[in-house]
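Numbering (numbering that gives the first Met the number 0), first residue to last: 0 to 45.
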Amino acid sequence: MSSLLYLLISKMLWDVFLQIFCSFTSYLLSELPHSYVDWIIKICLF
Numbered sequence: 000m001s002s003l004l005y006l007l008i009s010k011m012l013w014d015v016f017l018q019i020f021c022s023f024t025s026y027l028l029s030e031l032p033h034s035y036v037d038w039i040i041k042i043c044l045f
């Protein structure tokens, strides 16, 4: 039971992390080289 709870919490934290990472990335989009932007967008989409 506790391991299931742990998995759920980890997933939630991961989702939050991805959201923050993706918004931070879009904020920095103009200052990054184009190829850099491409792989970050791919990470955000998957």
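In this text, a Cβ means the ideal position worked out from N, Cα and C, and glycines have one as well.
Cβ-Cβ separation, Leu-28 to Val-36 (assumed contact under 8 Å), whole Å: Rounded, the Cβ-Cβ distance is 6 Å, consistent with contact.
Alpha helix (DSSP H) segment containing Leu-12, residue limits: 1–27
Apart from the five residues just before and just after Thr-24, which ones in its own chain have a Cβ nearer than 6 Å to its Cβ? Ile-39
If you draw a straight line from the alpha carbon of Ile-8 to that of Ile-19, how long is it in whole angstroms? 17 Å
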